[in-house]
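What follows is a single structure, written as structure tokens, with notes after it.
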Amino acid sequence: MRFLFGFGVATVFAMSLAFAKKIDSFNHSNLYYFNGIYVLDLHGTREDMMRAHGYFAGKNVKSHSPLQFFSEVMDKTLQEKMNTVGARVVSQTLDVLLKMKMSSEDERAYKAFAQGMGVSSQQVFKALYYPDFGEMLAAINYSKNKTFMDIPELGCSTFIVPQSSQNSGMIFGRNLEFGGVGLFDRYPAIIYLHPTDVKDQPYIQLTALGVPGTHTAYNQSGIMISLHQLTANQMRPTGDLILNVVDEVARRAKTLAEAKQLIESKKFTTPWKIMVASEKENSGFVVDVSPRGEFFVDMAAHGIGETNHTHAAELKKDEFFSSYNYIHSSVMRRTLMQNTLKNNSVTDVESAIKLLTSRQDSDGNLRLFSVNKFSNIMSVVMSAKEHKLHFAVARQINTKPLSGAFVEFPLSFNFDFSKFQPLVVLPPAVDPAMLAMDNEIRAAMTESSQGADLNVVVNHLGKAVGYYGNDANLNNVYAATLIKLYSITDGKSDHLLNEAQMVLNRTKSITHLGNEAAVQSLLLARIAVLKSNHNEAGEIYKMVVPTTSRMKEALAADMKALKSETARKTILERSKKLKVTLSDMDIIDF
Numbered sequence: 001m002r003f004l005f006g007f008g009v010a011t012v013f014a015m016s017l018a019f020a021k022k023i024d025s026f027n028h029s030n031l032y033y034f035n036g037i038y039v040l041d042l043h044g045t046r047e048d049m050m051r052a053h054g055y056f057a058g059k060n061v062k063s064h065s066p067l068q069f070f071s072e073v074m075d076k077t078l079q080e081k082m083n084t085v086g087a088r089v090v091s092q093t094l095d096v097l098l099k100m101k102m103s104s105e106d107e108r109a110y111k112a113f114a115q116g117m118g119v120s121s122q123q124v125f126k127a128l129y130y131p132d133f134g135e136m137l138a139a140i141n142y143s144k145n146k147t148f149m150d151i152p153e154l155g156c157s158t159f160i161v162p163q164s165s166q167n168s169g170m171i172f173g174r175n176l177e178f179g180g181v182g183l184f185d186r187y188p189a190i191i192y193l194h195p196t197d198v199k200d201q202p203y204i205q206l207t208a209l210g211v212p213g214t215h216t217a218y219n220q221s222g223i224m225i226s227l228h229q230l231t232a233n234q235m236r237p238t239g240d241l242i243l244n245v246v247d248e249v250a251r252r253a254k255t256l257a258e259a260k261q262l263i264e265s266k267k268f269t270t271p272w273k274i275m276v277a278s279e280k281e282n283s284g285f286v287v288d289v290s291p292r293g294e295f296f297v298d299m300a301a302h303g304i305g306e307t308n309h310t311h312a313a314e315l316k317k318d319e320f321f322s323s324y325n326y327i328h329s330s331v332m333r334r335t336l337m338q339n340t341l342k343n344n345s346v347t348d349v350e351s352a353i354k355l356l357t358s359r360q361d362s363d364g365n366l367r368l369f370s371v372n373k374f375s376n377i378m379s380v381v382m383s384a385k386e387h388k389l390h391f392a393v394a395r396q397i398n399t400k401p402l403s404g405a406f407v408e409f410p411l412s413f414n415f416d417f418s419k420f421q422p423l424v425v426l427p428p429a430v431d432p433a434m435l436a437m438d439n440e441i442r443a444a445m446t447e448s449s450q451g452a453d454l455n456v457v458v459n460h461l462g463k464a465v466g467y468y469g470n471d472a473n474l475n476n477v478y479a480a481t482l483i484k485l486y487s488i489t490d491g492k493s494d495h496l497l498n499e500a501q502m503v504l505n506r507t508k509s510i511t512h513l514g515n516e517a518a519v520q521s522l523l524l525a526r527i528a529v530l531k532s533n534h535n536e537a538g539e540i541y542k543m544v545v546p547t548t549s550r551m552k553e554a555l556a557a558d559m560k561a562l563k564s565e566t567a568r569k570t571i572l573e574r575s576k577k578l579k580v581t582l583s584d585m586d587i588i589d590f
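According to this note's numbering, the sequence shown is numbered sequentially starting from 1.
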């Protein structure tokens with residue numbers, strides 16, 4: 001496949017997308033819909049604005065709200081890990097602990113959101129807990145198992161370029177891409193908040209409709225802020241919720257010093273990375289936070305380019321990664337951004353979008369996952385010079401809109417949206433086969449998390465492999481899912497097993513990492529057992545070099561089963577329990 005460079009049609013007024021619609025009003029707040037993006041223009045006290053957001057979400061996306069997904073994740077995960085009674089006790093305990101440091105102001109605001117949306121306040125609180133809880137769960141699992149997790153990971157990339165002789169205004173670019181649930185890309189939202197509280201200032205949230213809390217923002221003082229996930233085995237049962245911390249910085253910090261002071265005043269439950277920049281001061285900082293403290297690094301002369309690795313020695317010693325792809329993706333994305341910034345190659349909106357949408361590594365090779373994952377889900381570019389922000393419309397599953405288009409909005413306040421018609425900025429063209437592959441992978445992820453029909457998942461993954469067969473991990477995940485489906489159908493669908501074997505044998509030529517080879521061999525050995533070729537299976541098992549403790553345990557159990565008269569039956573039952581996490585395309589739990 002070829003990567004097609006250049007902005008063939010760089011900035012266009014896309015007639016097929018050029019429509020504006022005022023959907024609703026609530027008190028002094030309005031909801032608009034421009035080019036696939038919800039725009040909330042909120043006014044009043046914080047409670048007024050949260051209630052309005054909840055009201056708009058309740059009327060438009062309540063049945064498929066991201067809020068519902070995130071509010072249920074904690075309890076569902078606990079139920080998978082323990083019995084019903086134990087899960088209930090732990091959930092209730094976490095409810096108390098994670099809410100313990102929530103201010104009465106925050107509590108009133110989120111209760112107003114729940115009231116507006118017509119849901120219980122507990123559902124809103126649980127959604128807010130999810131980021132902190134997810135990090136806790138990863139740390140607990142890591143400390144017990146010393147292995148990769150079967151929980152989805154975020155792929156975050158942020159770069160901030162200061163004003164210079166090459167660049168006449170600060171530029172901020174950010175990808176927050178979580179393609180596994182099919183919700184963030186469905187309801188992208190820009191929220192303009194105009195508080196009447198004297199201690200707060202107008203600010204903008206870049207998020208999804210129906211999601212309380214803040215992870216990416218800009219305020220009237222020119223402060224830009226971005227949040228990234230870190231994975232380090234450090235946690236505290238009580239502390240300030242990370243989404244509340246980011247929101248407070250966005251609402252109240254007018255300078256970098258004030259932002260730093262606010263962050264230092266908090267107690268964190270789990271590790272996170274926060275990037276803060278000030279267009280007025282033409283400077284910024286990165287801070288890694290955790291229960292161990294806050295560790296600041298000032299922005300370099302060429303800017304900031306950050307992903308999901310910690311730089312603090314106090315966190316580095318406890319750092320872990322959920323998968324091989326997560327490690328290599330984070331390193332590759334950071335390297336690509338840093339090299340681009342050092343070369344002064346980001347000078348305007350178009351070059352910023354080009355970097356955000358890159359599907360290449362630092363050596364120019366085409367990658368399944370690069371700085372861009374899944375057609376620009378939750379991607380944003382902010383230009384201080386032009387006072388514009390560009391928010392991405394991801395390619396929608398089962399539809400054919402303009403893939404990865406960035407819609408232009410004002411980076412300012414007191415704006416009349418009733419007469420607004422946005423421009424659309426197109427990223428560099430990507431080979432259609434890769435876009436089609438993106439679409440199929442995200443469809444498989446969405447089905448896996450929402451419908452769980454394995455036939456549908458297999459169908460989408462098979463199409464993805466057909467479009468882009470040069471990624472060993474994608475092929476391994478497809479083969480593992482085929483084997484799982486075969487075992488669930490009690491071994492009566494031989495074509496599934498034959499397809500899995502063919503894919504794995506073909507993939508050997510593109511395998512580079514030890515983990516890829518180990519997964520392939522273990523899957524091929526199981527196929528041999530399921531085909532009653534026990535001698536062949538034994539030889540393949542001997543070649544497996546486990547890369548995780550779970551894989552080592554699975555290998556030992558399989559080889560023990562191979563010596564019994566019920567080997568095929570045992571492997572069939574074990575294969576029914578195969579778990580595949582699709583977010584990074586290499587997490588297979590045997």
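Built from N, CA and C at the ideal position, the CB exists for glycine as well.
Based on the DSSP secondary-structure assignment, which residues constitute the bridge partners of residue i?
i, result
"D197", "For D197, which the question treats as bridged, DSSP gives no partner whatsoever."
"Q629", "The chain is shown from 1 up to 590; residue 629 falls before or after that span and cannot be answered."
"S283", "S278"
"D558", "Answer by DSSP bridge pairing: none, since D558 is not bridged."
"P131", "According to DSSP, which records beta bridges pairwise, P131 is partnered with nothing at all."
"N175", "S157 and S379"
"H390", "V381 and E408"
"Q229", "W272"
"A464", "A464 pairs with nothing; no bridge assigned."
"G303", "A300"
"I263", "Its beta-bridge partners do not exist; DSSP assigns none."
"I588", "V580"
"F295", "D288"
"E553", "For E553, which the question treats as bridged, DSSP gives no partner whatsoever."
"E319", "A232"
So what's residue i in DSSP terms, helix, strand or just coil?
i, result
"A313", "helix"
"V161", "strand"
"N439", "helix"
"L530", "helix"
"G239", "coil"
"D247", "helix"
"D106", "helix"
"E573", "helix"
"M224", "strand"
"E565", "coil"
"Q123", "helix"
"A352", "helix"
"N459", "helix"
Who are the near neighbours of residue i in its chain, counting only those whose CB is closer than 6 Å to its CB and skipping five residues on each side?
i, result
"P401", "With a pLDDT of 41 at P401, under the threshold of 50, the modelled position of that residue is not reliable, and the figure given next carries that caveat. There are no such residues."
"T347", "Q166 and N167"
"R574", "none"
"Y187", "V61, A208 and L209"
"V545", "A518"
"A479", "A500, V503, L504 and L523"
"A301", "none"
"E135", "T270"
"L555", "V544 and P546"
"I588", "A480, V519 and V580"
Tell me whether the beta-carbon of residue i lies closer than 8 Å to the beta-carbon of residue j.
i, j, result
"A52", "F26", "yes"
"V331", "H390", "no"
"I160", "M299", "yes"
"E177", "I377", "yes"
"P212", "Y110", "yes"
"S157", "Q234", "no"
"I223", "V276", "yes"
"L497", "V458", "no"
"I225", "I304", "no"
"V424", "N35", "yes"
Using a Cβ-Cβ cutoff of less than 7 Å, which residues in the same chain neighbour residue i once the five nearest sequence positions on both sides are dropped?
i, result
"N145", "At N145, the pLDDT of 48 sits below 50, so the modelled position is not reliable and the matter cannot be decided from this model."
"A352", "I171, G173, V346 and V381"
"P131", "I242 and L243"
"R568", "V529, L530 and S532"
"V73", "Y130"
Suppose the cutoff is 8 Å on Cβ atoms and the five residues either side in sequence are ignored; what does the same chain contact list for residue i look like?
i, result
"E447", "D453, V456, V457 and H460"
"L97", "P237 and T238"
What residue ranges within the stretch 16–97 form continuous alpha helix (DSSP H) runs of no fewer than 4 residues, ordered along the chain? Note on the stretch 16–97: whole alpha helix (DSSP H) runs with a minimum of 4 residues are 46–60 and 66–81, in chain order.
I'd like the ranges of any alpha helix (DSSP H) spanning at least 4 consecutive residues and lying wholly in the stretch 470–519. 472–488 and 494–507
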